[in-house]
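K.L.:
Going by our numbering, the residue at position 120 of the sequence shown is 139; the numbering climbs one at a time, nothing skipped.
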Amino acid sequence: MLRAAGVGLGDEVVVPAFGNVEVAQAVTMAGALPVFADIDPVTYCIDPSAADAAVTPRTAAVVVVHRFGRPADVARLHGLGQRRGLLVLEQGESEVPYDEVAQRRERAAYLDAKLRGVRTPDGGDGHTYQQYVVRVPGNGRPDRDAFARAVRARGVEARVPVKTPVHRLPEFRRCVSLPETERAADETLALPVDAALTKRDMQRVVGACNALGGLLQPAF
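Below you can see the structure in the form of C-alpha coordinates.
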(Lines of atoms letter the chains of each structure in order from A and count residues from 1; the text may use other names and numbers.)
(Lines give C-alpha, C1' and ligand atoms only; values in the text may rest on other atoms or scores of the structure.)
Protein backbone atom coordinates (compact mmCIF):
# COMPACT_ATOMS: atom_id res chain seq x y z
CA MET A 1 0.00 0.00 0.00
CA LEU A 2 2.89 2.35 0.74
CA ARG A 3 4.46 1.74 -2.63
CA ALA A 4 1.11 2.02 -4.41
CA ALA A 5 0.66 5.43 -2.78
CA GLY A 6 4.05 6.58 -4.04
CA VAL A 7 5.80 6.47 -0.68
CA GLY A 8 9.50 5.82 -1.16
CA LEU A 9 13.04 7.15 -0.95
CA GLY A 10 13.35 10.34 1.09
CA ASP A 11 9.95 9.96 2.74
CA GLU A 12 9.22 9.38 6.42
CA VAL A 13 6.39 7.24 7.77
CA VAL A 14 5.17 7.58 11.36
CA VAL A 15 4.66 4.17 12.99
CA PRO A 16 4.20 2.76 16.52
CA ALA A 17 7.15 1.09 18.24
CA PHE A 18 5.03 -1.11 20.52
CA GLY A 19 5.24 -4.41 18.64
CA ASN A 20 4.69 -5.06 14.93
CA VAL A 21 8.26 -4.92 13.65
CA GLU A 22 6.76 -5.95 10.29
CA VAL A 23 5.33 -2.44 9.91
CA ALA A 24 8.74 -0.80 10.26
CA GLN A 25 10.21 -3.41 7.91
CA ALA A 26 7.55 -2.64 5.31
CA VAL A 27 8.43 1.05 5.50
CA THR A 28 12.12 0.37 4.90
CA MET A 29 11.30 -2.05 2.06
CA ALA A 30 9.43 0.81 0.40
CA GLY A 31 12.61 2.89 0.68
CA ALA A 32 11.23 5.22 3.37
CA LEU A 33 12.33 5.89 6.95
CA PRO A 34 10.19 4.72 9.89
CA VAL A 35 9.70 7.39 12.56
CA PHE A 36 8.44 6.05 15.88
CA ALA A 37 5.65 7.70 17.85
CA ASP A 38 4.45 6.87 21.36
CA ILE A 39 1.27 4.97 22.21
CA ASP A 40 -1.88 5.74 24.15
CA PRO A 41 -1.44 3.87 27.49
CA VAL A 42 -5.09 2.74 27.48
CA THR A 43 -5.47 1.39 23.94
CA TYR A 44 -1.79 0.54 23.27
CA CYS A 45 -2.31 2.03 19.80
CA ILE A 46 -0.42 4.98 18.35
CA ASP A 47 -1.32 8.21 20.14
CA PRO A 48 -2.70 10.87 17.76
CA SER A 49 -0.93 13.70 19.58
CA ALA A 50 2.38 11.83 19.54
CA ALA A 51 1.92 11.06 15.84
CA ASP A 52 1.25 14.73 15.16
CA ALA A 53 4.40 15.73 17.05
CA ALA A 54 6.47 13.28 14.97
CA VAL A 55 5.41 14.79 11.63
CA THR A 56 8.09 16.67 9.66
CA PRO A 57 8.11 18.17 6.15
CA ARG A 58 9.33 14.77 4.91
CA THR A 59 6.44 12.79 6.44
CA ALA A 60 4.29 11.08 3.82
CA ALA A 61 2.16 8.70 5.87
CA VAL A 62 1.07 7.41 9.26
CA VAL A 63 0.48 3.70 9.87
CA VAL A 64 -2.13 2.87 12.51
CA VAL A 65 -2.03 -0.59 14.13
CA HIS A 66 -5.00 -1.82 16.15
CA ARG A 67 -3.86 -3.73 19.22
CA PHE A 68 -5.18 -6.66 21.24
CA GLY A 69 -8.72 -6.28 19.87
CA ARG A 70 -8.98 -2.62 20.85
CA PRO A 71 -9.15 -0.13 17.94
CA ALA A 72 -7.05 3.01 17.70
CA ASP A 73 -8.58 6.48 17.70
CA VAL A 74 -9.03 6.46 13.93
CA ALA A 75 -11.22 9.56 13.85
CA ARG A 76 -8.46 11.74 15.29
CA LEU A 77 -5.79 10.04 13.21
CA HIS A 78 -7.67 10.50 9.96
CA GLY A 79 -8.29 14.08 11.01
CA LEU A 80 -4.52 14.46 11.42
CA GLY A 81 -4.03 13.02 7.95
CA GLN A 82 -6.48 15.45 6.39
CA ARG A 83 -5.04 18.43 8.24
CA ARG A 84 -1.43 17.57 7.43
CA GLY A 85 -1.99 16.12 3.97
CA LEU A 86 -0.81 12.64 4.96
CA LEU A 87 -1.78 9.15 3.94
CA VAL A 88 -3.23 7.22 6.91
CA LEU A 89 -3.06 3.44 6.63
CA GLU A 90 -4.64 1.00 9.08
CA GLN A 91 -3.38 -2.46 9.95
CA GLY A 92 -5.47 -4.81 12.04
CA GLU A 93 -4.33 -7.95 13.78
CA SER A 94 -5.84 -11.32 12.97
CA GLU A 95 -9.48 -11.01 13.96
CA VAL A 96 -11.26 -13.09 16.56
CA PRO A 97 -14.01 -15.20 14.90
CA TYR A 98 -17.32 -13.38 15.26
CA ASP A 99 -18.96 -16.21 17.18
CA GLU A 100 -16.18 -16.14 19.79
CA VAL A 101 -16.28 -12.43 20.60
CA ALA A 102 -19.18 -12.67 23.06
CA GLN A 103 -17.49 -15.55 24.89
CA ARG A 104 -14.22 -13.67 25.14
CA ARG A 105 -16.01 -10.61 26.47
CA GLU A 106 -17.76 -12.78 29.04
CA ARG A 107 -14.44 -14.20 30.24
CA ALA A 108 -12.88 -10.75 30.26
CA ALA A 109 -15.74 -9.43 32.39
CA TYR A 110 -15.19 -12.29 34.83
CA LEU A 111 -11.50 -11.43 35.13
CA ASP A 112 -12.30 -7.71 35.45
CA ALA A 113 -14.50 -8.48 38.46
CA LYS A 114 -12.27 -11.04 40.17
CA LEU A 115 -8.63 -10.09 39.60
CA ARG A 116 -6.73 -8.29 42.36
CA GLY A 117 -3.23 -6.87 42.32
CA VAL A 118 -3.10 -6.20 38.56
CA ARG A 119 -4.56 -3.39 36.47
CA THR A 120 -7.19 -4.81 34.13
CA PRO A 121 -7.70 -3.50 30.57
CA ASP A 122 -10.14 -0.78 29.61
CA GLY A 123 -12.91 -2.52 27.68
CA GLY A 124 -14.29 0.50 25.81
CA ASP A 125 -14.77 1.05 22.09
CA GLY A 126 -15.85 -2.44 21.09
CA HIS A 127 -12.93 -4.39 22.56
CA THR A 128 -12.95 -7.95 21.18
CA TYR A 129 -10.22 -9.19 23.54
CA GLN A 130 -7.99 -10.80 21.02
CA GLN A 131 -5.67 -10.61 23.98
CA TYR A 132 -6.54 -9.79 27.60
CA VAL A 133 -3.65 -7.56 28.63
CA VAL A 134 -3.12 -6.53 32.24
CA ARG A 135 -0.50 -4.33 33.87
CA VAL A 136 1.56 -5.78 36.71
CA PRO A 137 2.36 -3.17 39.38
CA GLY A 138 5.73 -2.86 41.03
CA ASN A 139 9.13 -2.09 39.58
CA GLY A 140 8.50 -2.74 35.91
CA ARG A 141 10.01 -5.61 33.98
CA PRO A 142 11.62 -7.54 36.89
CA ASP A 143 8.34 -7.76 38.81
CA ARG A 144 6.29 -8.44 35.68
CA ASP A 145 8.62 -11.27 34.66
CA ALA A 146 8.58 -12.75 38.17
CA PHE A 147 4.78 -12.57 38.19
CA ALA A 148 4.61 -14.30 34.80
CA ARG A 149 6.90 -17.12 35.93
CA ALA A 150 4.86 -17.63 39.09
CA VAL A 151 1.47 -17.87 37.37
CA ARG A 152 2.91 -20.19 34.72
CA ALA A 153 4.15 -22.43 37.51
CA ARG A 154 0.52 -22.61 38.65
CA GLY A 155 -0.58 -23.86 35.25
CA VAL A 156 -1.76 -20.56 33.75
CA GLU A 157 -0.64 -19.55 30.27
CA ALA A 158 0.71 -16.03 30.59
CA ARG A 159 2.55 -14.31 27.76
CA VAL A 160 4.51 -11.09 27.45
CA PRO A 161 2.85 -9.43 24.44
CA VAL A 162 5.77 -7.17 23.43
CA LYS A 163 9.19 -8.17 24.73
CA THR A 164 11.21 -5.42 23.03
CA PRO A 165 9.84 -2.21 21.45
CA VAL A 166 10.85 -1.81 17.83
CA HIS A 167 12.96 1.28 18.48
CA ARG A 168 15.15 -0.86 20.78
CA LEU A 169 15.83 -3.56 18.18
CA PRO A 170 19.32 -3.41 16.60
CA GLU A 171 18.08 -2.79 13.05
CA PHE A 172 15.79 0.09 14.09
CA ARG A 173 17.55 1.51 17.14
CA ARG A 174 16.63 5.16 17.68
CA CYS A 175 17.45 7.68 20.38
CA VAL A 176 13.87 8.76 20.92
CA SER A 177 11.74 9.29 24.03
CA LEU A 178 8.72 6.94 24.06
CA PRO A 179 7.86 6.65 27.77
CA GLU A 180 4.43 5.00 27.38
CA THR A 181 5.83 2.45 24.93
CA GLU A 182 8.69 1.61 27.30
CA ARG A 183 6.36 1.37 30.30
CA ALA A 184 3.90 -0.87 28.47
CA ALA A 185 6.69 -3.20 27.32
CA ASP A 186 7.88 -3.50 30.93
CA GLU A 187 4.51 -3.96 32.65
CA THR A 188 2.08 -5.78 30.35
CA LEU A 189 1.11 -9.43 30.51
CA ALA A 190 -1.49 -11.27 28.42
CA LEU A 191 -3.77 -13.69 30.28
CA PRO A 192 -5.96 -16.30 28.55
CA VAL A 193 -9.58 -15.53 27.63
CA ASP A 194 -10.00 -18.06 24.83
CA ALA A 195 -13.53 -19.20 24.12
CA ALA A 196 -12.53 -22.81 24.88
CA LEU A 197 -11.67 -22.02 28.51
CA THR A 198 -14.00 -23.49 31.11
CA LYS A 199 -15.19 -21.87 34.32
CA ARG A 200 -12.65 -23.95 36.20
CA ASP A 201 -9.91 -22.68 33.89
CA MET A 202 -10.93 -19.10 34.60
CA GLN A 203 -10.99 -19.77 38.34
CA ARG A 204 -7.44 -21.12 38.03
CA VAL A 205 -6.33 -17.90 36.34
CA VAL A 206 -7.88 -15.78 39.08
CA GLY A 207 -6.54 -17.96 41.87
CA ALA A 208 -3.00 -17.95 40.49
CA CYS A 209 -2.94 -14.18 39.97
CA ASN A 210 -4.63 -13.20 43.22
CA ALA A 211 -2.29 -15.39 45.25
CA LEU A 212 0.55 -13.15 44.03
CA GLY A 213 -1.09 -9.75 43.82
CA GLY A 214 -0.48 -8.89 47.43
CA LEU A 215 3.21 -9.67 47.10
CA LEU A 216 3.85 -6.93 44.57
CA GLN A 217 3.77 -3.39 45.86
CA PRO A 218 3.77 -0.25 43.68
CA ALA A 219 7.17 1.37 43.38
CA PHE A 220 7.71 4.60 45.29
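The beta-carbon is built from N, C-alpha and C at its ideal position, and this holds for glycine as well.
Is the Cβ-Cβ distance between THR62 and ALA91 less than 8 Å?
P.N.:
Cβ atoms of THR62 and ALA91: closer than 8 Å.
K.L.:
Any idea what DSSP makes of PHE191, helix, strand or coil?
P.N.:
Three-state result, PHE191: helix.
K.L.:
Check ALA56 in the structure and name its three-state DSSP category.
P.N.:
Here ALA56 sits in strand by DSSP.
K.L.:
Once the 5 residues before and after LEU231 are set aside, which same chain residues still bring their CB inside 8 Å of it?
P.N.:
Correct list, in chain order: GLY136, PHE166, ALA169 and VAL170.
K.L.:
Should PRO189 be labelled buried (16 or more other beta-carbon atoms within 10 Å of its own) or exposed?
P.N.:
The residue in question, PRO189, is exposed, as its Cβ has fewer than 16 Cβ neighbours within 10 Å.
K.L.:
VAL83 and VAL93: beta carbons closer than 8 Å?
P.N.:
For VAL83 and VAL93, yes; Cβs fall inside 8 Å.
K.L.:
Run through DSSP, which three-state label would GLU199 get?
P.N.:
Residue state, collapsed to three classes: helix.
K.L.:
Is LEU105 near ALA79, with beta carbons less than 8 Å apart?
P.N.:
Yes, they are a contact pair.
K.L.:
CA-CA distance, VAL54 and LEU21?
P.N.:
In a straight line, the C-alpha of VAL54 is about 15 Å away from that of LEU21.
K.L.:
Among the residues of its own chain, which have a CB less than 7 Å from the CB of GLY27, if the five just before and after it don't count?
P.N.:
If we look at GLY27 and ignore the five residues flanking it on each side, its Cβ neighbours are ALA49, GLY50 and ALA51.
K.L.:
Quick check on GLU114: does DSSP put it in helix, strand or coil?
P.N.:
DSSP places GLU114 in coil when its eight states are reduced to three.
K.L.:
Which residue comes first and which comes last in the beta strand (DSSP E) that contains LEU208?
P.N.:
Where LEU208 is concerned, the enclosing beta strand (DSSP E) stretches over 207-210.
K.L.:
How is ARG89 classed by DSSP in three states: helix, strand or coil?
P.N.:
Reduced to three states, the DSSP call for ARG89 is strand.
K.L.:
Evaluate GLY38 with the Cβ neighbour count: other Cβ atoms within 10 Å of its Cβ, from every protein chain shown; 16 or more gives buried, anything less gives exposed.
P.N.:
It counts as buried.
K.L.:
I need the DSSP call for ARG178, collapsed to helix, strand or coil.
P.N.:
Correct three-state label for ARG178: strand.
K.L.:
Am I right that ASP144 and ARG89 are in contact with their C-beta atoms under 8 Å? What's the rounded C-beta distance?
P.N.:
Indeed they touch by this definition, with Cβ atoms about 6 Å apart.
K.L.:
Taking the straight line between their C-alpha atoms, what separation do you get for TYR151 and ASN158?
P.N.:
Each residue's alpha carbon lies about 21 Å from the other.
K.L.:
Starting from the Cα of PHE87, find the closest Cα among SER113, ALA45, GLY100 and VAL107 and give me that residue.
P.N.:
The option with the nearest alpha carbon to PHE87 is SER113.
K.L.:
Near GLY111, what residues of its chain come up, given a Cβ to Cβ distance below 7 Å and the 5 sequence neighbours on each side ignored?
P.N.:
Answer for GLY111: HIS85, listed in chain order.
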